[in-house]
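S.K.: Residue numbering for the sequence shown is 0 to 307, as defined by numbering that gives the first Met the number 0.
Every residue, glycine too, gets a C-beta built ideally from N, C-alpha and C.
If you're wondering where the values come from, they're calculated on a predicted model, not measured in any experiment.
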Amino acid sequence: MLFDRSKRIAVILVATVLFSLIGFGQRERPPLPDPTHANVAYGDHPQQVIDFWQADIGARGPLVVYIHGGGFSGGSKDSIGAAKVEAFLAAGIHVATVEYRLLKHAKLPAAHDDAVRAIQFIRSKARDWAINPNLIGAFGGSAGAQLVAYLAWHDDMADPESSDPIARQSTRLACVAPLNGQATMDFDWWLENIPGYDEPHRQITEFTDFSGIARQVLIKELSIINHISADDPPVFMRYGMKPDDQIPEKNPSGWKVHHVNFGIAMEDKLRRAGVEVTLKYPGPETRYKSEVEFFIDKLAWQGEREKY
0 MLFDRSKRIA
10 VILVATVLFS
20 LIGFGQRERP
30 PLPDPTHANV
40 AYGDHPQQVI
50 DFWQADIGAR
60 GPLVVYIHGG
70 GFSGGSKDSI
80 GAAKVEAFLA
90 AGIHVATVEY
100 RLLKHAKLPA
110 AHDDAVRAIQ
120 FIRSKARDWA
130 INPNLIGAFG
140 GSAGAQLVAY
150 LAWHDDMADP
160 ESSDPIARQS
170 TRLACVAPLN
180 GQATMDFDWW
190 LENIPGYDEP
200 HRQITEFTDF
210 SGIARQVLIK
220 ELSIINHISA
230 DDPPVFMRYG
240 MKPDDQIPEK
250 NPSGWKVHHV
260 NFGIAMEDKL
270 RRAGVEVTLK
280 YPGPETRYKS
290 EVEFFIDKLA
300 WQGEREKY
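#1: Starting from Lys268, follow the alpha helix (DSSP H) in both directions and report where the run begins and ends.
#2: Which whole runs of the alpha helix (DSSP H) in the region 147-230 are 4 residues long or more, in chain order?
#3: Got a sec: does the ligand MG put a non-hydrogen atom nearer than 7 Å to the Cβ of Ala89?
#4: If we call anything under 8 Å between Cβ atoms a contact, is Ile193 one with Asn260?
#5: Hey, which unbroken runs of the beta strand (DSSP E) at 3 residues or more fall wholly within the region 70-148?
#6: Report the rounded CA-to-CA distance for Ile66 versus Asp127, giving the unit in angstroms.
#7: Taking the C-alpha atoms as reference points, what is the distance between Met184 and Arg270?
#8: CB-CB under 7 Å to Gln25, same chain, minus the five flanking residues each way: which ones, in chain order?
#9: Who does Asp33 pair with in a DSSP beta bridge?
#10: What did DSSP end up calling Ile246 once you bin it into helix, strand or coil?
#11: Could you pull the start and end residues of the alpha helix (DSSP H) that Pro251 belongs to?
#12: Are Tyr149 and Ile223 closer than 8 Å when you measure CB to CB?
#13: Secondary structure at Lys279, three-state DSSP: helix, strand or coil?
#14: Taking the alpha carbon of Asp33 as the point to measure from, which residue in Ala40, Glu160, Gly42, Gln53 has its own alpha carbon closest?
#15: So does the region 137-145 actually touch the region 176-183, counting three or more Cβ pairs closer than 8 Å?
#16: Should Ile246 and Trp254 be called a contact, given that it needs their Cβ atoms to be closer than 8 Å?
#17: I'd like to know if the region 125-140 and the region 63-82 are in contact, where contact means that at least 3 CB-CB pairs between them fall below 8 Å.
#18: Could you tell me the distance, in whole angstroms, from the CA atom of Leu102 to the CA atom of Phe206?
#19: Drop a sphere of 10 angstroms on the beta-carbon of Arg201, count the other beta-carbons inside from all chains shown, and report buried for 16 or more, exposed for fewer.
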């Protein structure tokens with residue numbers, strides 16, 4: 000049975016209208032709808048919790064997971080915004096948001112370990128929460144971009160021999176949208192490749208207590224560009240500036256640490272690996288205008304096809 004094209008167009012229009020509400024202004028930002036399941040613990044630490052919204056689709060459906068940014072030092076799962084939650088639900092996509100340990104709780108790789116555990120926990124709830132475990136995507140900005148790309152591009156971190164059923168769950172994703180993400184934790188690369196970045200904005204000791212070879216190994220492991228390979232899922236990346244834009248007077252540091260050159264480096268490696276990738280920044284036309292359109296195409300329509 001072929002998917003009704005008119006239904007597809009209608010859902011895109013509804014989702015686009017809802018998503019456009021994000022630009023209405025921070026002062027008018029509406030509250031999040033009540034989650035189906037709120038602050039579900041996936042670990043023992045108070046930060047290790049998940050919110051889940053179940054789409055009204057009457058069957059197992061796709062899921063989008065949001066992992067927030069904040070330099071591993073701040074941020075909240077609530078920053079997803081009501082418009083995105085409602086847009087995904089309108090398209091028949093479940094939504095989950097993840098909280099994780101920040102640097103003040105535990106230094107890296109704690110945040111990455113939490114992202115791994117969270118996605119495994121969510122997948123373990125596939126039956127209870129009506130999730131199609133084969134149709135899970137994720138997105139996040141900045142530090143969150145690093146975490147979702149780490150899941151998508153890293154070799155599967157499931158431990159099939161574990162006595163813990165959650166640890167036996169896969170960590171891979173069906174699609175991923177790292178937004179304003181940094182390709183590497185190697186600040187020397189930043190100095191060489193990011194316009195105007197002439198000194199580290201933070202000390203590496205803020206992120207880890209490791210030193211010497213152990214620190215080098217950790218930096219290599221957490222640098223997402225190192226994990227790109229031919230078996231990676233479709234990718235959508237978005238940045239707010241053109242490659243040749245001038246450094247702005249307002250918040251130049253934030254502009255530099257979210258520079259599109261990170262995306263260009265990752266796009267190049269993804270393309271050379273044969274991975275489908277869309278890099279969105281001001282100017283060029285792209286297949287998808289937003290991560291919402293990307294996930295609807297990669298998850299909602301695939302979910303419809305799997306029904307027949």
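M.R.: By the coordinates alone:
#1: Numbered from its first residue, the sequence shown carries residue 268 at position 269. 259-272 is the span of the alpha helix (DSSP H), which, as asked, contains Lys268.
#2: 186-192, 211-221
#3: The ligand MG is absent from the structure shown, which contains no ligand whatsoever.
#4: Within the sequence shown, numbered from 1, the residue matching residue 193 stands at position 194. Within the sequence shown, numbered from 1, the residue matching residue 260 stands at position 261. The answer is yes: Cβ separation under 8 Å.
#5: 93-97, 130-140
#6: Locating residue 66 in the sequence shown gives position 67, counting from the first residue. Locating residue 127 in the sequence shown gives position 128, counting from the first residue. Taking the straight line joining both Cα atoms gives about 22 Å.
#7: Residue numbering aside, residue 184 sits at position 185 when the sequence shown is read from its first letter. Residue numbering aside, residue 270 sits at position 271 when the sequence shown is read from its first letter. Going from the Cα of Met184 to the Cα of Arg270 covers about 21 Å.
#8: Numbered from its first residue, the sequence shown carries residue 25 at position 26. For Gln25, the predicted structure reports a pLDDT of 45, less than 50, and the residue's modelled location is therefore unreliable. A value from the coordinates is still provided. Excluding positions up to five away in sequence, the list is empty.
#9: Position 34 of the sequence shown holds residue 33. None; Asp33 has no bridge partner.
#10: Numbered from its first residue, the sequence shown carries residue 246 at position 247. Ile246: coil per DSSP, three-state reduction.
#11: As a working note, residue 251 is residue 252 in the sequence shown. From DSSP, the alpha helix (DSSP H) with Pro251 extends over 251-256.
#12: Locating residue 149 in the sequence shown gives position 150, counting from the first residue. Locating residue 223 in the sequence shown gives position 224, counting from the first residue. In contact: Tyr149 and Ile223 (Cβ atoms closer than 8 Å).
#13: On the sequence shown, position 280 is the one that residue 279 refers to. Here Lys279 sits in strand by DSSP.
#14: In the sequence shown, residue 33 corresponds to position 34, counting from 1. Residue Gln53 is the option with its Cα nearest to Asp33.
#15: yes
#16: As a working note, residue 246 is residue 247 in the sequence shown. As a working note, residue 254 is residue 255 in the sequence shown. Closer than 8 Å, so yes.
#17: yes
#18: Within the sequence shown, residue 102 is the residue found at index 103, counting from 1. Within the sequence shown, residue 206 is the residue found at index 207, counting from 1. One C-alpha to the other measures close to 7 Å.
#19: Stepping through the sequence shown from its first residue, residue 201 is reached at position 202. By the 10 Å Cβ count, Arg201 comes out exposed.
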